[in-house]
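Counted the way our numbering counts, the sequence shown spans residues 10 to 529.
Each remark here refers to the structure printed beneath this line.
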Amino acid sequence: MKKCHRWQRILILSLLSFSVFAPIVLVSQRLKTLTSFGGKEFAEDLPSVNYMRDVLRLNSIEQEAAEGLKGPKLVVFNDKDISPVVRRSSYEDRDSDQFRNAQDDSKLLEANETNGNEKDKHQIQQTIIQMNSREKEQFNQEIGRDDQHLQSPPFKVVDEKVTQMRDQLITAKAYLSFEPPGSNSRLMKELRARIRELERVVGEVSRDSDLPMSASQKMRSMELSLAKASRVFPDCSAMATKLRAMAYNAEEQVQVMRNQESHLLQLAGRTTPKGFHCLSMRLTAEYFLLRPEERQFPNQQNLNDPDLYHYAVLSDNVLAASVVVNSTISSAKEPEKIVFHVVTDSLNLPAISMWFLLNPPGKATIHVQSIENFDWLSTKYNSTLNEQKSYDPRYSSALNHLRFYLPDFFPALNKIVLFDHDVVVQRDLTEIWSIDMKGKANGAVETCLESEASFRSMRMFMNFSDPFLARRFNANVCTWAFGMNLFDLHEWRRKNLTMLYRNYLQLMLFCSGPRNLSKF
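Put into structure tokens, the structure is as follows:
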């Protein structure tokens with residue numbers, strides 16, 4: 010009878026051992042798959058991110074076995090060693106819960122081991138198996154969710170090696186600046202050699218994948234040299250002061266380069282090819298050879314006729330102004346009703362006038378005048394320009410600001426179409442004059458399609474962190490193109506928009522934020 014009971018006990022213990030070790034084997038297979046994923050997928054998708062070399066480990070809390078009974082090990086799944094880069098707050102909570110559960114189970118097991126009742130031990134084993142099974146299923150589900158996130162990482166890959174190497178170069182150069190004059194120590198020679206090596210490796214590289222195989226060795230060598238230098242120069246405050254000075258010098262150099270770029274852009278915008286420069290000189294010389302009566306254009310009685318189609322172009326470029334005028338007139342069905350007002354500066358007035366005297370625009374009327382003829386504009390504008398101190402010719406040119414004074418330039422007109430001098434007209438524009446503007450002062454080509462390269466919004470031109478601008482303007486409203494504008498001068502005068510523009514322009518000079526308000 011005793012032998013029968015002993016065989017039954019052996020059979021039960023065998024089944025218990027099998028049910029305990031089978032999940033461990035299955036989990037081990039799962040961990041092998043996860044390790045393979047971490048070694049291959051991460052290396053392919055995130056080559057520049059340094060992950061921990063340790064694979065996922067199976068942490069367990071061992072229990073003391075009773076005499077004659079070899080109990081199972083309590084398995085606690087912990088995924089905190091997957092990666093230091095991909096982190097989620099839920100991982101930490103889950104790890105702490107698993108650890109607390111493991112401690113509770115371990116205490117429960119120890120308490121029951123002191124009790125010699127085999128029936129209680131049998132119940133404990135079943136409890137452990139059920140808890141391990143639940144934890145295993147939960148772990149597999151979480152790993153599946155993590156795999157989906159890792160396959161399409163939502164963060165941008167950082168080129169850590171390139172950034173670290175450049176930081177090493179900056180630090181090494183800072184240590185070099187601590188060298189006393191005339192010194193030629195071995196450490197300084199080593200630092201110079203390491204700097205040359207690292208500069209050759211980095212060069213114009215911007216990604217870790219472009220670095221050569223020897224980059225890691227160069228970084229380690231530089232780290233050793235910097236460690237030596239830190240022992241020789243242990244004063245951290247001096248290093249911080251030197252780095253701040255280097256950062257300040259770098260900012261000063263950037264500002265100098267920006268000013269130089271602005272100057273070169275302005276010079277390129279005003280510099281003309283030799284042939285074109287010679288054309289302007291020849292036209293100017295011929296203009297001054299004419300008698301005063303020969304400098305007059307025909308049909309000047311049409312200049313203030315509100316029943317005709319009045320166009321204006323503001324330009325200091327002879328050929329550009331000629332293209333706008335000739336393309337508009339040649340495309341018109343009724344060129345005799347067109348009056349073109351060309352406004353330029355005093356320097357280019359003779360050349361542009363002579364061009365249209367030699368190449369008259371057919372039946373249309375043309376009038377060329379200088380901006381300097383209006384003393385009131387020079388008085389108002391020059392004071393604002395001197396205070397603005399802008400180096401950009403697009404916003405410092407008086408011709409560009411003249412468009413905001415059109416009602417004063419043409420007091421007898423009610424409507425006028427303004428062209429930029431880079432426009433070529435390809436069809437008749439008579440229909441524009443019959444557009445119902447619905448009480449608006451300006452009709453223009455909108456730039457509201459975000460897919461178009463010409464898209465512009467108010468947010469691009471103003472600093473809406475300023476509460477004054479945020480209250481008065483809508484940041485999401487699209488702007489308009491100045492290539493061709495139809496202005497209702499009567500409505501403009503009624504709303505006194507020129508004074509409003511001047512008020513905003515003056516306000517811009519006192520506000521530190523909206524530096525680009527004049528662009529509006």
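Ideal Cβ positions, reconstructed from N, Cα and C, are used throughout, including at glycine.
Source: prediction; values computed, not measured.
Residue j beta carbon less than 8 Å from that of residue i
i    : j    : result
R216 : V171 : yes
T374 : I361 : no
D429 : F491 : yes
L274 : V241 : no
L220 : Q177 : no
V333 : V486 : no
Y320 : K346 : no
Y296 : M363 : yes
K251 : A329 : no
R436 : S340 : yes
N311 : V263 : no
H376 : Q309 : yes
P370 : N335 : yes
T293 : P359 : yes
Outcome for residue i when other beta-carbon atoms lying within 10 angstroms are tallied against a minimum of 16
i    : result
S105 : Because the pLDDT at S105 is just 49, under 50, the model does not fix this residue reliably, and the value given afterwards should be weighed accordingly. Burial call: exposed.
N357 : buried
N483 : exposed
D325 : buried
W16  : exposed
T337 : buried
R203 : buried
R18  : exposed
I21  : exposed
S331 : buried
S186 : exposed
M231 : buried
M174 : buried
L478 : buried
F27  : exposed
L298 : exposed
W442 : exposed
S406 : buried
F365 : buried
I425 : buried
DSSP bridge partner residues for residue i (one or two, in chain order)
i    : result
L317 : L317 pairs with nothing; no bridge assigned.
W489 : E455
H376 : H350
L495 : V426, G452
V322 : V351, F428
S466 : C487
Supposed contact pair residue j and residue i - C-beta distance, whole angstroms, cut 8 Å
i    : j    : result
W489 : E455 : 6 Å
N423 : H499 : 5 Å
L415 : F496 : 6 Å
A181 : L233 : That belief does not hold up - the Cβ atoms of A181 and L233 are roughly 12 Å apart, past 8 Å.
F413 : Y510 : 5 Å
L288 : V327 : 7 Å
I444 : L411 : In fact, because the Cβ distance is near 24 Å, the residues do not count as touching under 8 Å.
N472 : L427 : That pair is no contact at about 28 Å.
A421 : N313 : 4 Å
K227 : V210 : 5 Å
A532 : L200 : Only positions 10 to 529 of the chain appear in the structure, and residue 532 is not among them; the question remains open.
Where residue i falls: helix, strand or coil (DSSP)
i    : result
F27  : helix
N308 : coil
D431 : coil
N423 : coil
N472 : coil
D168 : coil
N357 : coil
N368 : coil
M446 : coil
F482 : coil
S194 : coil
F187 : coil
L292 : helix
P56  : With a pLDDT of 43 at P56, under the threshold of 50, the predicted position of this residue should be treated as unreliable, and no value is reported.
M222 : coil
E213 : coil
K237 : helix
D437 : coil
P243 : coil
R175 : helix
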